[in-house]
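Working notes, structure below.
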Amino acid sequence: MSERTLYDKVWEKHKVTELPTGQTQLFVGLHLIHEVTSPQAFGMLRERDLEVAYPELTHATVDHIVPTADQSRPYRDDAAETMMSELEENVREAGIEFDDPTTGNQGIVHVIGPEQGITQPGKTIVCGDSHTSTHGAFGALAFGIGTSQIRDVLATGCVAMEKQDVRKIEVTGELGDGVEAKDVILQIIRKLGTEGGVGYVYEYAGEAVENLGMEGRMSICNMSIEGGARAGYVNPDETTYEWLAETDEFADDPEKFERLKPYWESIRSDEDAEYDDHVTIDGDALEPMVTWGTTPGQGVGINEPIPAPDDLPEDKQDTARRAQKHMRVEPGQTMNGYEIDVAFLGSCTNSRLADLRRAAKLVKGREVHEDVRAMVVPGSQRVQRAAEAEGLKEVFTEAGFDWRNAGCSMCLGMNEDQLVGDEACASSSNRNFIGRQGSKDGRTVLMNPRMVAAAAIEGEVTDVRELKEVSLA
Amino acid sequence: MSGTGEVEIPEVQEVSGTGIPIRGNDIDTDQIIPARFMKVVTFDGLGQFAFFDQRFDDDDNEKEHSMNEDRFKEASIMVVNSNFGCGSSREHAPQALMRWGIDAIVGESFASIFAGNCLALGIPTVTADTETIRELQDWVDEYPDAEIEVDVEAERVHYDDRTIDVQVDDAQRRALVDGVWDTTALMKSNAEATRAVAESLPYVDLD
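From first to last, the protein sequence lines are chains A and B.
If you count by the working numbering, then the first sequence holds residues 1 to 473, one letter each, in order.
If you count by the working numbering, then the second sequence holds residues 1 to 207, one letter each, in order.
As structure tokens, this is what we get:
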């Protein structure tokens with residue numbers, strides 16, 4: 001078992017007791033909730049005559065079903081309106097802070113936690129959402145839970161968990177031109193497999209990770225679950241502290257910052273920490289990645305041939321054959337030149353200000369291809385306002401992108417933003433599962449946000465390095 | 001006044017019934033329950049939507065799928081391949097399978113959030129190697145009316161005249177066999193210790 005890692009330290013500090021099952025009762029420092037996975041949990045609480053134990057450590061937003069175009073109430077979609085009303089009632093009754101769209105703080109749950117500064121190193125963070133792993137970018141122990149576990153956390157402030165192993169993933173070297181955090185995680189998943197992380201927590205380290213800003217680290221931790229790991233984290237450092245110092249939590253309260261910083265420092269993995277496994281990824285060798293299939297592990301470099309199913313390990317062959325049929329790709333081809341109908345720039349993986357800025361540099365002065373409908377969905381209302389203030393909205397809309405309000409949108413097709421028929425989508429999101437973007441015949445190609453911008457302009461999957469970018473005023 | 005959350009939790013030592021094979025690796029929870037069926041505030045009625053897009057075409061006509069076949073309609077033990085239940089954390093997925101009639105799942109491997117969600121519903125997720133699972137799937141296909149017994153406590157599955165060894169995660173086995181898989185009341189009984197941990201953490205400000 002691992003020793004003296006961040007995971008071990010945070011686990012020990014939050015351990016309440018050992019349960020008769022051998023699981024640990026783990027205290028939860030921040031419980032994030034949203035409208036899709038929480039209503040049933042509140043229902044179970046009522047059935048058992050239980051109250052929310054720690055409303056002050058619970059924080060709500062609405063993201064999955066919220067429309068990104070017309071947000072006037074009642075929502076046009078009755079089901080969405082019902083879910084929203086239910087959440088409003090639940091948080092009001094329990095006294096839980098709720099960032100609804102009228103507050104100006106609403107957004108995707110994994111965007112708002114970090115931007116408000118409530119996501120912090122050494123916290124345990126849970127949410128009924130598998131991409132809760134995102135918050136690990138700050139050195140938090142953060143993982144997704146199911147609805148019955150939400151009931152547990154609401155009622156007791158704790159979750160029952162088994163301790164996992166820790167795998168250190170060291171990304172060496174320097175990321176090349178056009179290569180981003182998204183490409184790093186797609187390569188990790190390709191190399192270790194979509195189930196390679198089951199039973200593990202991933203610690204991301206190495207020069208290439210340490211040199212990333214917080215947004216990049218979030219993109220990597222976000223997709224830990226796509227590699228089977230329920231949680232992933234980066235040890236906190238100066239980059240983390242600089243981000244935190246500017247958030248609501250600490251900007252006006254530097255004393256609190258100084259008071260907590262020793263704790264943040266103390267939970268970093270020790271130099272001589274022991275890990276259960278250690279993997280090295282060569283960051284220098286990466287090129288922009290794209291997926292050719294229907295699992296996030298089915299990725300290749302933009303100019304690399306799509307593999308023949310027969311050349312893959314036996315247990316991956318059937319999935320690959322079905323995926324290639326669905327995506328209509330042939331082994332030996334590259335994804336460069338794959339025609340697309342839709343470009344989606346958004347999701348909890350890549351919808352933060354830094355993502356939009358990078359993409360805008362490429363978009364400025366260009367036009368979206370005439371056969372493509374392209375949309376930008378900022379991750380939160382704050383991201384949206386900041387982007388609008390620095391002129392990014394104009395850059396995108398002048399090029400022909402649709403500029404939307406904040407939400408999960410076309411990442412999972414729970415609102416009106418969906419693929420139609422067999423449309424192909426260049427997407428900065430995290431899952432290319434069949435049906436994920438709202439149409440069971442839809443085809444999703446995952447890539448980094450600048451690659452999405454390039455695909456929108458060219459009408460096909462394109463090597464972003466072939467397009468020049470301009471500097472924004 | 002808040003209750004203690006005490007509810008009757010049955011012990012799940014063994015589960016028996018007929019089987020249904022669902023073949024394929026990396027079957028994600030978006031396939032098990034597409035997102036559009038999650039626009040609900042209860043889990044009631046989700047059973048009919050399990051694997052909906054695999055079972056029905058655009059006009060709601062039945063497609064070829066084991067869950068559409070009469071011979072599997074009464075099945076309660078699902079036999080699956082590797083990384084079953086990957087992707088989204090939605091408990092709607094095991095809820096839909098349970099409400100369709102599934103009481104236990106035997107497979108090569110399970111995604112961890114999915115397995116945790118199954119445990120919270122008292123559904124065992126037991127594993128065996130690829131070859132063993134394929135043999136079981138083929139056998140279920142041939143003998144859809146024959147009984148399978150999943151012995152959680154002994155970590156064995158009995159079918160035909162065979163007994164195979166399976167693995168059950170330790171905590172899962174103890175939770176199911178001892179009937180402590182619903183952890184709400186259990187953890188609530190440690191409320192004082194919980195508060196002590198909360199107060200020991202430098203970042204926690206309690207009201």
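We put the beta carbon where it would ideally sit given N, CA and C, even for glycine.
Since we're looking at a predicted model, the values are computed, not measured.
How would you list, in chain order, the residues of chain A whose beta-carbon sits under 7 Å from the beta-carbon of residue i?
{"i": "Lys73/B", "result": "Under the 7 Å cutoff, chain A gives no residues; its nearest Cβ is about 24 Å from Lys73/B."}
{"i": "Met187/B", "result": "Gln25, Asp152, Thr156, Cys158, Ala160"}
{"i": "Leu206/B", "result": "Glu56"}
If you count every other CB in all the chains shown that lies within 10 Å of the CB of residue i, and 16 or more means buried, which is it?
{"i": "Thr562/A", "result": "No answer is possible for residue 562/A: it lies beyond the span of chain A, which begins at 1 and ends at 473."}
{"i": "Val470/A", "result": "exposed"}
{"i": "Met1/B", "result": "At Met1/B, the pLDDT of 41 sits below 50, so the modelled position is not reliable and the matter cannot be decided from this model."}
{"i": "Gln40/A", "result": "buried"}
{"i": "Leu136/B", "result": "buried"}
{"i": "Met1/A", "result": "exposed"}
{"i": "Val36/A", "result": "buried"}
{"i": "Glu180/A", "result": "buried"}
{"i": "Pro121/A", "result": "buried"}
{"i": "Leu206/B", "result": "exposed"}
{"i": "Glu258/A", "result": "exposed"}
{"i": "Leu212/A", "result": "buried"}
{"i": "Ser266/A", "result": "exposed"}
{"i": "Arg76/A", "result": "exposed"}
{"i": "Gln167/B", "result": "exposed"}
{"i": "Ser351/A", "result": "buried"}
{"i": "His110/A", "result": "buried"}
{"i": "Phe27/A", "result": "buried"}
{"i": "Ile220/A", "result": "buried"}
{"i": "Arg450/A", "result": "buried"}
{"i": "Asp53/B", "result": "buried"}
{"i": "His31/A", "result": "buried"}
What residues of chain A sit near residue i, judged by a beta carbon separation below 8 Å?
{"i": "Leu215/B", "result": "Here chain B has residues from 1 to 207 only, and residue 215/B is not among them."}
{"i": "Gly116/B", "result": "Ile145, Gly146, Gln149"}
So which residues of chain B does residue i contact, with C-beta pairs closer than 7 Å?
{"i": "Lys123/A", "result": "Tyr203"}
{"i": "Asp120/A", "result": "First, the amino acid is wrong: residue 120/A is Gln here, not Asp. Per Cβ cutoff of 7 Å: Tyr203."}
{"i": "Asp129/A", "result": "Ser89"}
{"i": "Leu412/A", "result": "Ala35"}
{"i": "Val36/A", "result": "Met38"}
Hey, residue i and residue j: beta-carbon distance below 8 Å or not?
{"i": "Met335/A", "j": "Trp292/A", "result": "yes"}
{"i": "Trp139/B", "j": "Asp165/B", "result": "no"}
{"i": "Leu6/A", "j": "Tyr241/A", "result": "no"}
{"i": "Val80/B", "j": "Ile105/B", "result": "yes"}
{"i": "Asp152/A", "j": "Met187/B", "result": "yes"}
{"i": "Gly22/A", "j": "Ala171/B", "result": "yes"}
{"i": "Pro309/A", "j": "Gln324/A", "result": "yes"}
{"i": "Gln164/A", "j": "Gly199/A", "result": "yes"}
{"i": "Asp440/A", "j": "Val395/A", "result": "A small fix is needed here, since residue 440/A is Lys in this sequence, not Asp. No; because the gap between Cβ atoms is not below 8 Å, this pair is not in contact."}
{"i": "Ser189/B", "j": "Asp315/A", "result": "no"}
{"i": "Cys348/A", "j": "Thr134/A", "result": "yes"}
{"i": "Ala386/A", "j": "Leu419/A", "result": "no"}
{"i": "Thr68/A", "j": "Gly407/A", "result": "yes"}
{"i": "Ala231/A", "j": "Ala142/A", "result": "yes"}
{"i": "Met414/A", "j": "Gln437/A", "result": "no"}
Would you please verify whether the beta carbon of residue i is less than 8 Å from any beta carbon of chain D?
{"i": "Gln40/A", "result": "Considering every chain present, this structure includes no chain D. Its protein chains are A and B."}
Quick one: list the residues of chain B neighbouring residue i, beta-carbon separation under 8 Å, in chain order.
{"i": "Ala80/A", "result": "Lys39"}
{"i": "Thr194/A", "result": "Asp26, Asn83, Cys86"}
{"i": "Gly228/A", "result": "Asn83, Cys86, Ala111, Ser112"}
{"i": "Arg259/A", "result": "Pro202"}
My assumption, with CB atoms under 8 Å, is that residue i sits in contact with residue j. Please give the rounded CB distance.
{"i": "Val201/A", "j": "Val159/A", "result": "Not quite, the Cβ-Cβ distance comes to about 15 Å (not below 8 Å), so this is no contact."}
{"i": "Trp264/A", "j": "Gly139/A", "result": "7 Å"}
{"i": "His34/A", "j": "His14/A", "result": "With 8 Å as the limit, His34/A and His14/A do not qualify as a contact, their Cβ atoms being about 23 Å apart."}
Applying a beta-carbon distance threshold of less than 9 Å, which residues of chain A neighbour residue i?
{"i": "Asn190/B", "result": "Val16, Thr17, Leu19, Gln25, Thr156, Cys158"}
{"i": "Asp59/B", "result": "Correct list: empty, because the minimum Cβ distance to chain A is about 13 Å."}
{"i": "Phe51/B", "result": "Under the 9 Å cutoff, chain A gives no residues; its nearest Cβ is about 11 Å from Phe51/B."}
Listing by chain order, which chain B residues have their CB less than 9 Å from the CB of residue i?
{"i": "Ser428/A", "result": "Per Cβ cutoff of 9 Å: no residues; Ser428/A is ~18 Å from chain B at best."}
{"i": "Tyr7/A", "result": "The contacting residues do not exist; Tyr7/A stays about 15 Å from chain B at best."}
Would you say the beta carbon of residue i comes nearer than 7 Å to a heavy atom of the ligand MG?
{"i": "Glu170/A", "result": "You won't find the ligand MG in this model; it holds no ligand whatsoever."}
Exercise. Using 8 Å as the threshold, is the region 3-23 of chain B in touch with the region 375-385 of chain A, meaning 3 or more CB pairs across them?
Worked result: no
Exercise. Taking three-plus beta-carbon pairs below 8 Å as touching, is the region 413-432 of chain A in contact with the region 336-351 of chain A?
Worked result: yes
Exercise. Are the region 85-96 of chain B and the region 28-37 of chain B in contact at 8 Å, needing three or more beta carbon pairs?
Worked result: yes
Exercise. So does the region 167-179 of chain A actually touch the region 456-471 of chain A, counting three or more Cβ pairs closer than 8 Å?
Worked result: yes
Exercise. Hey, is the region 279-295 of chain A in contact with the region 164-174 of chain A, meaning 3+ C-beta pairs nearer than 8 Å?
Worked result: yes
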